[in-house]
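Have a look at the structure below before the remarks.
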Amino acid sequence: MIRKLQIKFVAMCMVLVTAVLAVVFVAVFFSAKQNTEVISHQVLERVMQEDTLSGRPDLGPNRDGEDVLLPYFTVNLWDSNGVYRAFVTGGTYANLQDTAELEAILSDCLRQNQPEGTIRSYGLRYMRQDYGLYQRIAFVDMSMEQATLQELMGSYLQIGLAALVLLLGVSILLARWATRPVAKAWQQQRQFLSDASHELKTPLTVILSNAELLEAAPLDPRPARWADNIRSEAKQMKSLVEEMLTLARADNAAPTAVMAEVSLSDLATDCALAFEPVAFEAGKPLESDIAPDVTVTGDGDKLRQLVGVLLDNAIKYGRAGGTITLTLRRTDRQARLTVSNPGDPIPPEQLGRLFERFYRADASRGEQSGFGLGLPIAAAITSEHKGTLKAESDQVSTRFLFTMPLKK
Numbered sequence: 001m002i003r004k005l006q007i008k009f010v011a012m013c014m015v016l017v018t019a020v021l022a023v024v025f026v027a028v029f030f031s032a033k034q035n036t037e038v039i040s041h042q043v044l045e046r047v048m049q050e051d052t053l054s055g056r057p058d059l060g061p062n063r064d065g066e067d068v069l070l071p072y073f074t075v076n077l078w079d080s081n082g083v084y085r086a087f088v089t090g091g092t093y094a095n096l097q098d099t100a101e102l103e104a105i106l107s108d109c110l111r112q113n114q115p116e117g118t119i120r121s122y123g124l125r126y127m128r129q130d131y132g133l134y135q136r137i138a139f140v141d142m143s144m145e146q147a148t149l150q151e152l153m154g155s156y157l158q159i160g161l162a163a164l165v166l167l168l169g170v171s172i173l174l175a176r177w178a179t180r181p182v183a184k185a186w187q188q189q190r191q192f193l194s195d196a197s198h199e200l201k202t203p204l205t206v207i208l209s210n211a212e213l214l215e216a217a218p219l220d221p222r223p224a225r226w227a228d229n230i231r232s233e234a235k236q237m238k239s240l241v242e243e244m245l246t247l248a249r250a251d252n253a254a255p256t257a258v259m260a261e262v263s264l265s266d267l268a269t270d271c272a273l274a275f276e277p278v279a280f281e282a283g284k285p286l287e288s289d290i291a292p293d294v295t296v297t298g299d300g301d302k303l304r305q306l307v308g309v310l311l312d313n314a315i316k317y318g319r320a321g322g323t324i325t326l327t328l329r330r331t332d333r334q335a336r337l338t339v340s341n342p343g344d345p346i347p348p349e350q351l352g353r354l355f356e357r358f359y360r361a362d363a364s365r366g367e368q369s370g371f372g373l374g375l376p377i378a379a380a381i382t383s384e385h386k387g388t389l390k391a392e393s394d395q396v397s398t399r400f401l402f403t404m405p406l407k408k
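Quick note on the UniProt record's numbering: the sequence shown kicks off at 1 and runs consecutively.
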């Protein structure tokens, strides 16, 4: 899927840029063509202004102050009782070979019967003017004009091909860069489905097995134990489904948090009191240092869930006998909550992945209860509250630091 997406991205870029280059090149080409035609027309007009009937006209500089470089020649044509007599009166055109060629040129010009036109077989542009007793026809060489346009077209094609080759390479790099988040999300989704299926399979298997035992032995005195197994596994499955739904809601663009004024000091104190017995039973005493009157604007239930996730994580993965600390401080414009637990150091490359769904930093974490969705939920809640949540680890302890703006 990612490969197809990259191909579509590159194809779209190539089509769009090719269209833009084509429009620009065509516009520039026709502009240049029009300019060359204007120059030829100016030469013809100035030649026609000469009144001499013989000799080379003295054109002088053109309107831009430059010498006229286009080869030309003029012909005076008399109609004597249907017989035309022609006299070449001047010019700089050197390709006129003989009288037969001149007759062919004039014949083509008279056959067109237009005041202006082109004789493409000889590469000439002409202008006719009737003076009563005779006609005057001025010709200008188009070969330089055509050569310039052909050279311009060749240059445009070379530049266009080089630009397209360069663009192809850039588009491929951009496609890989642009689809990297999509590829990561796709991989996470596949991993999520795989892990969720595995996590749901175990409790469902236990529930079905115990249900079959209850059906097979209705008089057996052990149904209460089997029912407890069903209840326990069903609770785990319900917890997993609820956590998955929480993350699914967090993935939606629509906000779900109900914002109000919340005393983070009171909330943190309540969470500490609730988790003290759990930490004591685990042999990891919980100490708290909570600053008073730290007030924020947020969803109280979700913030309580966030603090609970951090404390639960510290109790699960803290070193036995170590002290877990919960600290709340007020900084300049932020509330800063820290949960720390002693434990083995976590490699830096794994710290950022702690907030990925179902991720566990080491094998020992897989032995703990839970599904690896707590920290992703905490990260989603943090994002809703425009805060930050990061993990730090050293040789002594692991710390989770949560910050969010104070109430304005």
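Ideal Cβ placement from N, Cα and C applies to all residues, glycine included.
Compare the C-alpha of residue i against each of the options and name the closest.
i           : options                               : result
Pro-285     : Ala-291, Ile-172, Thr-295 and Leu-273 : Leu-273
Leu-326     : Ser-155, Gln-150 and Leu-264          : Leu-264
Tyr-122     : Thr-36, Tyr-131, Ser-143 and Ser-155  : Ser-143
Gln-112     : Ala-100, Glu-101 and Arg-125          : Arg-125
Phe-25      : Thr-148, Tyr-72 and Leu-152           : Leu-152
residue 478 : Pro-203, Ala-260, Asn-210 and Val-258 : Past the boundaries of the shown model lies residue 478; the chain is included only from 1 to 408, so the question cannot be answered.
Leu-5       : Leu-133, Val-23 and Trp-177           : Trp-177
His-385     : Asp-394, Met-404, Ser-393 and Ala-282 : Met-404
Phe-8       : Pro-345, Tyr-317 and Leu-174          : The sequence given here places Lys at residue 8; Phe does not occur at that position. Cα-wise, what sits closest to Lys-8 is Leu-174.
Gly-318     : Leu-306, Ser-340 and Gly-300          : Ser-340
Leu-306     : Ile-377, Thr-295 and Ser-288          : Ile-377
Phe-275     : Ala-291, Met-259 and Leu-310          : Leu-310
Val-258     : Ile-230, Pro-345 and Asp-299          : Asp-299
residue 425 : Leu-406, Val-170, Lys-408 and Leu-337 : What the structure shows of the chain is the stretch from 1 to 408, and residue 425 is not part of that stretch, so it cannot be assessed.
Thr-205     : Ala-100, Ala-147, Arg-231 and Arg-180 : Arg-231
Thr-297     : Gln-334, Gln-34, Leu-149 and Ala-291  : Gln-334
Pro-115     : Tyr-131, Glu-101, Phe-30 and Ala-100  : Tyr-131
Leu-303     : Ala-380, Trp-78, Glu-212 and Asp-332  : Ala-380
Ser-171     : Glu-261, Ile-315, Val-15 and Ile-105  : Val-15
Ala-291     : Leu-267, Ala-279 and Ala-282          : Leu-267
Asn-76      : Asp-98, Val-47 and Phe-280            : Val-47
Leu-133     : Gly-169, Thr-323, Leu-106 and Trp-78  : Trp-78
residue 469 : Val-17, Leu-389 and Leu-149           : An answer regarding residue 469 cannot be provided, because it is not within the stretch 1 to 408 covered by the chain.
Asp-312     : Arg-3, Pro-345 and Ala-282            : Ala-282
Asp-344     : Tyr-156, Ala-320, Gly-387 and Gln-129 : Ala-320
Leu-301     : Val-28, Asp-270 and Lys-238           : As written in the sequence, residue 301 is Asp, which differs from the Leu given in the question. The candidate whose alpha carbon is nearest that of Asp-301 is Asp-270.
Arg-128     : Glu-145, Asp-108 and Leu-389          : Asp-108
Asp-289     : Leu-208, Arg-329, Glu-233 and Val-20  : Arg-329
Lys-407     : Leu-373, Ala-260, Lys-316 and Pro-347 : Ala-260
Ile-324     : Thr-331, Asp-98 and Ile-315           : Ile-315
Glu-349     : Ser-393, Gln-49, Val-165 and Asn-229  : Ser-393
Looking at the strands, I want to know which residues DSSP matches up with residue i.
i       : result
Thr-327 : Asp-289 and Thr-338
Gln-129 : Arg-136
Pro-405 : Gln-334
Gly-117 : Tyr-126
Ala-260 : Gly-298
Ser-232 : For Ser-232, which the question treats as bridged, DSSP gives no partner whatsoever.
Ser-397 : Pro-342
What residue does the alpha helix (DSSP H) around residue i start on, and which one ends it?
i       : result
Ala-391 : Note, Ala-391: premise wrong, no alpha helix (DSSP H); beta strand (DSSP E) at 388-393.
Val-15  : 2-48
Asp-108 : 99-112
Gly-374 : 374-384
Glu-349 : 348-351
So, is the C-beta of residue i closer than 8 Å to a C-beta in chain C?
i       : result
Leu-337 : Of the protein chains in the structure, only one exists, and it is not chain C.
TODO: Indicate whether the contact test is met: 3 or more Cβ pairs, each with one atom in the segment 154-163 and one in the segment 137-146, closer than 8 Å.
DONE: no
Task: the segment 168-187 touching the segment 36-52, judged by at least three CB pairs closer than 8 Å - done: no
Task: Touching by the beta-carbon criterion (3+ pairs, under 8 Å), the segment 390-407 and the segment 343-360 - done: yes
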